[in-house]
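Visitor:
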Amino acid sequence: MLSDYLQRGVLAGVVAGLAYGLYIAFVANPLTEYVHDAGHDHAGHGHDHGAGDHGHAQEGAEHVVSETTTALVSVGSGVLWAILLGGLFAVALYLFEPALPGRDGLESYVLAGAGFLTVSATPWLVVPPAAPGADHLYGVDARIGIYVGLVGLGAVVSAAAILAYRREAPRNPALGVLAAAVPIAAVAIVLPLVTPTVVTQPDVAGELVTAYQALAALSQAAIWVLIAGTFNRLRRRAEPAVDATDASDANSRDQLTTNP
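Numbers 1 to 260, taken from the UniProt record's numbering, label the letters of the sequence shown in order.
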């Protein structure tokens, strides 16, 4: 039932969220502070990109909110984000599990890959994770609209990849994988070419920005893997109890049949 899926999905989100919270506390927050300091040292104190600049908004907030409170808020937000993804994962698996390729839990990882492609990878081709000090071509509302539209595109690409695999895999699994890779590769190549650069990092070294964005992508991918793996483990733990209940019901029916 949907409630069972949701319960496992939320619990899987909690597990992934706790791991993600530790990552934020011990890796992401220190790295963000380092990038901020590196950009600040490079740019000096003379830059003023306006009230809409994300990096300088963070800089102003640091004078009001203590580092401890900021860390707690970021960790809490990360945990809630993972729980939200776990709930969405559970609903999507309940609705689309029969259409997903794979068996014995592999379909969960297929859905996790589709989720990462939809929620993170495709939007980040146009609106990548912005390190402190980033300059944005568009305002917040425009970036949110772009992100939502790209999430829709990512969902279409994910569905196209799954359908392509299901069509070709019965003939040759390797051909199915190749067919699934075509729409993903197409959007990864074409989308950056046809869209403007909406985020720049003029005050931070390119290698540092690349490392920052790569860690952000890997952390989001890890959330999806943890959600899928935990969900499968919770489902396997529930199956023996269900089987025992079914066996007990069957024995009861047999006894009633033989002893009217």
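For every residue, glycine included, the Cβ atom is placed at its ideal position computed from N, Cα and C.
Look at Ser120 and Gln220 and say whether their C-beta atoms are less than 8 Å apart.
Guide: Cβ distance < 8 Å, so Ser120 and Gln220 count as in contact.
Visitor: Straight-line CA distance for Arg237 to Ala164?
Guide: Rounded to whole angstroms, Arg237 to Ala164 spans 33 Å at the Cα level.
Visitor: Rounded C-beta distance between Gly21 and Gly78? I'm assuming under 8 Å.
Guide: Right, the Cβ-Cβ distance comes to about 5 Å (below 8 Å), so this counts as a contact.
Visitor: So Arg103 is in the alpha helix (DSSP H); what residue range does that whole segment cover?
Guide: Counting along the chain, Arg103 falls outside any alpha helix (DSSP H), and DSSP gives it neither H nor E.
Visitor: Could you tell me which residues DSSP pairs with His136 in its beta bridges?
Guide: In the DSSP output, where bridge partners are listed per residue, His136 has Val199.
Visitor: Helix, strand or coil: how does DSSP classify residue 261 here?
Guide: The requested residue 261 is not part of the displayed model; the chain covers only 1 to 260.
Visitor: Using 10 angstroms around the beta-carbon of Asp141, count the other beta-carbons present and answer buried if the total reaches 16, otherwise exposed.
Guide: Asp141 should be labelled exposed.
Visitor: How should Val35 be labelled, buried or exposed, when 16 other C-beta atoms within 10 angstroms of its C-beta is the threshold for buried?
Guide: Val35 is buried by the Cβ-count criterion.
Visitor: Alpha carbon to alpha carbon, how far is Glu168 from Leu111?
Guide: Each residue's alpha carbon lies about 19 Å from the other.
Visitor: In this structure, does DSSP put Ala205 in helix, strand or coil?
Guide: Residue state, collapsed to three classes: coil.
Visitor: Between Ala131 and Pro30, what straight-line distance do the alpha-carbon atoms span, to the nearest angstrom?
Guide: Taking the straight line joining both Cα atoms gives about 12 Å.
Visitor: Can Thr118 and Gly154 be called in contact, C-beta distance under 8 Å?
Guide: Taking 8 Å as the Cβ cut-off, Thr118 and Gly154 qualify as a contacting pair.
Visitor: Could you tell me the boundaries of the alpha helix (DSSP H) in which Thr68 lies?
Guide: Looking at the DSSP string, the run of the alpha helix (DSSP H) that includes Thr68 is Glu67 to Phe96.
Visitor: Using alpha carbons as the reference points, say which of Leu191, Ser74, Leu88 and Arg103 lies closest to Pro128.
Guide: For Pro128, the nearest C-alpha among the options comes from Leu191.
Visitor: Throw me the rounded Cβ distance for the Val157 and Pro123 pair, which I believe falls under 8 Å.
Guide: Contact flag wrong, Cβ pair sits at about 11 Å.
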